[in-house]
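One structure below.
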Amino acid sequence: LRKGAKYYLLGGYPQPRFHNDQSEQDTLAILSARQIVLDSRSKLYEKLCNPTSGDCQYAASVTLNENLACYGVECGVGVPVVIQVNPGVFYEYVQRPCVQLAFSNDHKKVIDKEN
Numbered sequence: 033l034r035k036g037a038k039y040y041l042l043g044g045y046p047q048p049r050f051h052n053d054q055s056e057q058d059t060l061a062i063l064s065a066r067q068i069v070l071d072s073r074s075k076l077y078e079k080l081c082n083p084t085s086g087d088c089q090y091a092a093s094v095t096l097n098e099n100l101a102c103y104g105v106e107c108g109v110g111v112p113v114v115i116q117v118n119p120g121v122f123y124e125y126v127q128r129p130c131v132q133l134a135f136s137n138d139h140k141k142v143i144d145k146e147n
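This note's numbering applies: residue 33 is where the sequence shown begins, and numbers increase by one.
Structure below.
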């Protein structure tokens with residue numbers, strides 16, 4: 033729910049396209065724990081639904097232009113993979129590439145004494 037987060041429309045089937053490092057069966061099993069159904073009062077729902085005259089106008093991709101407050105189940109899930117906006121309408125959340133380098137305050141240099 034942070035600025036810059038990207039969501040891609042999957043349509044009516046919740047099979048992710050960008051999280052394909054496992055078999056389809058394994059992926060579907062994981063989705064049961066990482067799939068959420070949005071509440072219509074959610075700010076993320078408003079962004080993904082993009083209602084015009086009461087009807088959702090689903091975009092092929094949505095990038096958040098601001099941080100959003102979580103609502104309901106959004107607050108309790110770590111990193112969702114698939115988000116159900118309405119029955120039969122799914123989006124896939126794709127994390128931004130990692131841009132943080134790992135540094136340690138107590139690092140140690142390792143030397144191979146054989147070479």
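Cβ atoms here follow ideal geometry from the backbone N, Cα and C, with glycine treated the same way.
Everything numeric in this text was worked out from a predicted model, so none of it was measured.
Excluding the 5 residues flanking it on each side, residue 103 has same chain C-beta neighbours closer than 7 Å at 71, 73, 74, 75, in chain order. In this structure residue 122 touches residue 114 by the C-beta definition: roughly 5 Å separates them, less than 8 Å. With 16 or more other CB atoms across the displayed protein chains lying within 10 angstroms of its CB, residue 124 is buried.
Assignment of residue 43 by DSSP, reduced to helix, strand and coil, places it in the strand class. Distance check between residue 66 and each of 141, 92, 116 places 116 closest, using alpha-carbon atoms only. In this structure, the alpha-carbon of residue 85 lies about 21 Å from that of residue 41. Residue 83 and residue 140 have their alpha carbons spaced roughly 55 Å apart. Using a 10 angstroms sphere on the CB of residue 79, the tally of other CB atoms reaches 16 or more, which defines it as buried. Residue pairing for residue 115: DSSP places it in a beta bridge opposite 68, 123. As computed with DSSP, residue 88 is found in a beta bridge with 83.
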